[in-house]
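For the protein sequence lines, the chains are D and Z, in the order given. Under this note's numbering, think of the first position of the first sequence as 74, with each following residue one higher. Under this note's numbering, think of the first position of the second sequence as 315, with each following residue one higher. Cβ coordinates follow ideal geometry from the N, Cα and C atoms, glycine included. Just so it is clear, the structure is predicted and the values come from calculations on it, not from any experiment. Written out below as structure tokens is the structure these notes cover.
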Amino acid sequence: MSNDYEVFFRMRDIIKKYQLGEEEATILKGICLDIEEGEYLSVLGPSGSGKSTLMNIIGCLDKPTSGEYILHGSLIDDLDEKELAQIRSREVGFIFQNSQMLPKLDAMKNVELPLIYAGVRPRERARRAEEMLVKVGLADRIHHKPNMLSGGQQQRVAIARALVTRPTLLLADEPTGALDQHTGSQIMDLFQELNDDGHTIIMITHDLKVARHARRVVNIIDGELTEAEEVTFA
Amino acid sequence: MKRFFHKLFGGFYMFTESVGMSIANITQNRLRSFLTILGIMIGVTAVIALITTVSGVSTSISDSFTSMGAGTMTVSVTGNDMQAGLTSANLDEIAALDHITGVTPSVSATVSVARGDAYESDITLAGKNDYYFITAPDAVARGRTFNPLDMDTMARVCLIDTDIVDEFFYGVDPVGQNLYISNLSITVVGVLSDTSDESISEMVSGSSSGILAPYTTVLKLNNETLVTSITVYIDDADASDTVQTTLGAYLDALFSYEDDTYEITTMDSIQETMDSMLSMMSALLGGIASISLIVGGIGIMNMMLTSVTERTVEIGLKKAIGAEPSQIQIQFLIEAFLLSMIGGVMGVVLGIALSAILCQVMGTTFTISTSAIALGVGFSAAVGILFGWSPARKASNLSPIDALRRM
């Protein structure tokens, strides 16, 4: 997979259909989206709008029924399972609503996990994982297991895990959804710092207040994408 | 080149990590893992215990063959129309051949025995000559053995074992008393010792019996004059081939060089038959025991399938952060393999212990059979991979979206 296209992120006419029993449901109806490196984008939409499906496609967990999707120079449309996994490993850092730490592993091991699958040497792995945990402010929680960490701390571990592979794209699905307001805004501050450092972030949310933290907001309603007005007061 | 090494080492690090994670998973569900391991363990224990025990028995049998059977051969004679067996004179001539120390005929009759009110039919009466008591010096506990005169005169004397003593002479000294054997009054001249083990040749020919009489007497009871089966004793086991030749030449001459008039069986050939029977038995028992290994494998498969279902979210997450399907598959395969191998190793240890005890109880030689251990370990490894394959495949094919939806 070489960088065949000199494009950072481009979606053209992305259509996703699901077979629901006899009927065919069109979840995404021709999504077009361009993102530049270093952008901070929110996808805002109510539940059932197709935003999870869009996130799955952006995150290379799923493939569109039709349309063209280029991420960091690679055309995603005709990749197989294994190649998709490699793209995810290299290009995408996922942050889920629940941090989804593996309960048996400590913070350090959880952060190391993506590097294990990427085949990074143990010493290098430990160095990078520690670096990321320090970066998200968990220097003193490195060897704590998930049940010893608060929700906000777990979400920070998840962010460190997403960052540790140095991905092209940080993809967050309702990153504050399970957190109280105070902790949520701390996480938002962290996102802002990461964006200031040059990370490209796409955040999927149904909450306008959360969405407004991003520099750019797009609305998704009923499978169609519309650009919201520029948000200047981030 | 650099890329290749990166891939190779990356795979290795992934592998060692997977082993660690598998061990963590196995120890996490201790009871469930133990029960699953138990299935394999019992299977391997059974395989090893059976194979080792049978091989112990077969070693013991070979040993007793060498100690008792070496230096003898049995000859069964059908003879020709002129002479359908061997006469007493023939026996003397055979005993006089080079390297032959003596000959004992094997003759038997089915008789009824009576004394006073006691009566028993269908008792085997075995005919022996005087040389028999030279080969088995401890055979008689009390009284006398048979002598050449008994043979010549077809003397009405017999030796009885303690079972017969208990049945017909309870509280009476049997020596000198009479027994009615098939309506002939026969005098008991001695009692056989309990400890006199039957020789292997008797075991093989099935001629063990509670009452012994001079073989000439038994022949007369049967209205026969000829012996059809004899055991030949040789002074030197290495001379077996020479003796076979000279004995064959003598018998050929006796029966006018006709075909199929006699058959010489050495203990070696009996032992070979015995060995092949025992190895067949060992294969058969091992085969039966390996069924339990397959059942154990199904147990592993069941546990792994449950585990895949339980860890759907974990699998989805790992896939989302970049695990390839093959990496997930390997991790589950390693887990199944480890479960099976733990069971296998425990089974080997337990199997060896069990067979040591069994061999002790049965009084046979205990030898650790490396092939049985290799078989047990190899089998459990194969079972782990074989039955872990499909659950691991299922895990690797899980869609990350479906898996994450359950979050």
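Residue ranges of uninterrupted beta strand (DSSP E) with 3 or more members, entirely inside the region 468-507 of chain Z and ordered along the chain, are 471-474, 492-495 and 498-506.
Between V80 of chain D and I143 of chain D, the gap from beta carbon to beta carbon is short of 8 Å. As a beta-bridge residue in DSSP terms, G457 of chain Z pairs with Z:G504.
One thing to note: G702 of chain Z has its Cβ within 8 Å of the Cβ of F651 of chain Z. In the three-state reduction of the DSSP assignment, T366 of chain Z falls in the helix class, which pools H, G and I. For the region 332-345 of chain Z, the residues whose beta carbon sits under 9 Å from a beta carbon of chain D are, in order, S332, M335, A338, N339 and Q342. Contact between the region 622-629 of chain Z and the region 661-680 of chain Z is absent: fewer than 3 CB-CB pairs across the two stretches fall below 8 Å. Taking a C-beta cut-off of 8 Å against chain D, the contacting residues of the region 621-639 of chain Z are V627, E628, L631, K632, K633, A634, I635, G636, A637, E638 and P639, listed in chain order. In this model, I277 of chain D and S606 of chain Z are separated by some 53 Å (Cα to Cα). Contact annotation: T545 of chain Z and S420 of chain Z have beta-carbon atoms nearer than 8 Å. Looking at Z:G658, Z:E638 and Z:Q558, the one whose alpha-carbon comes closest to that of I189 of chain D is Z:E638.
With contact defined as three or more Cβ pairs closer than 8 Å, the region 392-399 of chain Z and the region 532-551 of chain Z are in contact. Its chain contains P714 as the residues whose beta carbon lies nearer than 6 Å to that of A634 of chain Z, once the 5 sequence neighbours on both sides are disregarded; these appear in chain order. Between the region 688-705 of chain Z and the region 644-658 of chain Z there are three or more C-beta pairs closer than 8 Å, enough to call the two in contact. Y576 of chain Z is classed as buried because its beta carbon has at least 16 other beta carbons within 10 Å across all chains shown. Note that the C-beta distance between E481 of chain Z and E407 of chain Z is not below 8 Å.
Within its own chain, the residues whose Cβ lies closer than 6 Å to the Cβ of A233 of chain D, once the five positions on either side in sequence are excluded, are V184, M205, L206 and V209, listed in chain order. Counting only runs of 3+ residues, the beta strand (DSSP E) found wholly inside the region 542-614 of chain Z occupies 543-548 and 576-580, in chain order.
Annotated three-state conformation of C673 of chain Z is helix, per DSSP. The beta carbon of I644 of chain Z sits no closer than 8 Å to any beta carbon of chain D. Chain D has no Cβ within less than 8 Å of the Cβ of G613 of chain Z.
Annotation for A403 of chain Z: no residue places its beta carbon closer than 6 Å to its own, counting only its chain and skipping 5 residues before and after.
Taking a Cβ-Cβ cut-off of 8 Å, A251 of chain D has no neighbours in chain Z, whose nearest Cβ is about 10 Å from it. Rounded to the nearest angstrom, the gap between the Cα atoms of I474 of chain Z and L526 of chain Z is 6 Å. Counting only the Cα atoms, G661 of chain Z lies some 9 Å from V691 of chain Z. Shown here is that no member of the region 106-127 of chain D has a Cβ falling below 7 Å from a Cβ of chain Z.
As DSSP reads the structure, G441 of chain Z sits in a beta bridge with Z:V421 and Z:A527. The Cβ of I375 of chain Z sits no closer than 8 Å to any Cβ of chain D. The Cβ atoms of L631 of chain Z and L689 of chain Z do not sit closer than 8 Å to each other. Chain Z places no beta carbon closer than 8 Å to that of E203 of chain D, leaving this residue out of the contacts. For Y190 of chain D, no beta strand (DSSP E) encloses it; the enclosing alpha helix (DSSP H) starts and ends at A180 to A191.
Proximity of chain D to I608 of chain Z at the Cβ level (cut-off 7 Å) is not reached, the minimal Cβ distance being about 32 Å. At a cut-off of 8 Å between beta carbons, K177 of chain D contacts chain Z. Under the 8 Å criterion on CB atoms, K155 of chain D is classed as interfacial with respect to chain Z. Counting other Cβ atoms within 10 Å of its Cβ, D487 of chain Z stays below 16 and is therefore classed as exposed.
Bridge pairing for Q92 of chain D: D:E97 [DSSP].
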